[in-house]
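Read top to bottom, the protein sequences are chains A and B.
Under my numbering, the residue at position 2 of the first sequence is numbered 2, and the numbers go up by one with no gaps.
Start counting at 1 in the second sequence, then tack on 1000, and there's your number in my numbering.
In what follows, a single structure is set out as structure tokens and then discussed.
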Amino acid sequence: MNCREALDRVYEFLDKELTPEVEREVRDHLEACRPCGQQFNFEEAFLKFLQARCRTRSAPPDLKRRILRDLFGE
Amino acid sequence: MTTPPQSPPPVDEKRAAFEREALVHLDALYRVALRLTGNAADADDLVQETMLKAYRAWHQYQPGTNAKGWLLTILRHAFINEYRRRTRHPETVDLDAIEPFAVLDERQDDDPQGQFFDRIVDDEVLRAIDELPEQFREAVVLSDVEGMSYEEVARILDVPIGTVKSRLFRARRLLQAKLYEYAVGMGYIKGNRT
């Protein structure tokens, strides 16, 4: 696997969406290629940051009450 | 004196199942609705309507399957049919023409770990997501906000998995570029880009 092929799969790799064979090929490439390793680390940090920042919101308490009233007349 | 019924009325069973399998996903539906509509009042209405539709169609849901995906599909259809026209206009941008630059190239020397991201607050990230073209935004919201698999996202959006991959790839890069530019604008980091 060359750099281009590895970098094209960076998100699939981080999202754990690759087949075990392809994942192994990417890992092998990363062990041998420092710049790609850096790029993967950077993207991993970005995804962690992104996910941590936007998974925090909950529905307003009043919404659940409205829905229950709507569905079950409460 | 009345004798209690042998089994609870069906409506109670339906309600119990609906509460157990559907209402537990209220927060997820709300987060997605908020990003699709762009405002809290419409998000409330969209979720309420989704739950109403889902309750009416509950006989079509197979217990134990992916309730969250099923509900999000209903929510997205409701959004497209009833809200999009008045809340946001469908895009006319050419998504294929969007080629965001790789932010790491800019940060390579000073900050290869991307530590500048940590200075950016929730609201700013959500605003950047809201500014994405709708097809990119949907992919990011389902994947990054809700943690769904590519296959689940593909099913909800009714597109091939390859399309999900490509939208997600470009959406995340675009988001990175927006947040980088924001961080430069705020003076958190120095921009190298001319």
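All C-beta atoms, glycine included, are put in the ideal place defined by N, C-alpha and C.
When Cβ-Cβ separations below 8 Å define contact, R53 (chain A) makes contact with chain B. DSSP, reduced to helix, strand and coil, places Y1083 (chain B) within a helical segment of the structure shown. Annotation: the continuous alpha helix (DSSP H) that includes C36 (chain A) extends over 34-54. With distances taken between CA atoms, M1186 (chain B) lies nearest to B:I1120 out of B:I1120, B:I1129, B:W1058. Shown in chain order are the members of the stretch 1047-1059 of chain B whose Cβ falls below 8 Å from a Cβ of chain A: V1047, Q1048, M1051, L1052, Y1055. Interface residue (Cβ-Cβ distance to chain A less than 8 Å): P1112 (chain B) is classified as such. Counting the other CB atoms within 10 Å of its CB gives C3 (chain A) a total below 16, which places it among the exposed residues.
When the Cα atoms are used, E5 (chain A) and F1116 (chain B) turn out to be separated by approximately 28 Å. DSSP, read as helix, strand or coil, puts Y1055 (chain B) in helix. The beta-carbon of L1034 (chain B) is placed less than 8 Å from the nearest beta-carbon of chain A.
Under the DSSP assignment, T1073 (chain B) falls in the alpha helix (DSSP H) whose first and last residues are 1067-1078.
Put simply, of A:L30, A:E17, A:L63 the residue whose alpha carbon is nearest the alpha carbon of D1042 (chain B) is A:L63.
Within the same chain, Cβ atoms closer than 6 Å to the Cβ of L1034 (chain B) are found at A1043, the five residues on either side in sequence being excluded. A straight line joining the alpha-carbon of R1084 (chain B) with that of G1069 (chain B) spans about 20 Å. The Cβ neighbour count for S58 (chain A), taken over all protein chains shown within 10 Å, is under 16; the residue is labelled exposed.
For I1156 (chain B), the secondary structure class from DSSP, reduced to helix, strand or coil, is helix. When Cβ-Cβ separations below 8 Å define contact, T56 (chain A) makes contact with chain B. Sixteen is the threshold: when 16 or more other Cβ atoms of the shown chains lie within 10 Å of the Cβ of V26 (chain A), as they do, the residue is buried.
Contact between V1153 (chain B) and S1166 (chain B) does not hold, since their C-beta atoms are separated by about 12 Å, which reaches or exceeds 8 Å. The continuous alpha helix (DSSP H) containing P61 (chain A) extends over residues 61-72. C-alpha of V1140 (chain B) to C-alpha of Y1180 (chain B): approximately 17 Å in a straight line. Among the CB atoms of chain A, none fall inside 8 Å of the CB of L1072 (chain B).
Contact with chain B is absent for N2 (chain A), since none of that chain's Cβ atoms lies less than 8 Å from the residue's Cβ.
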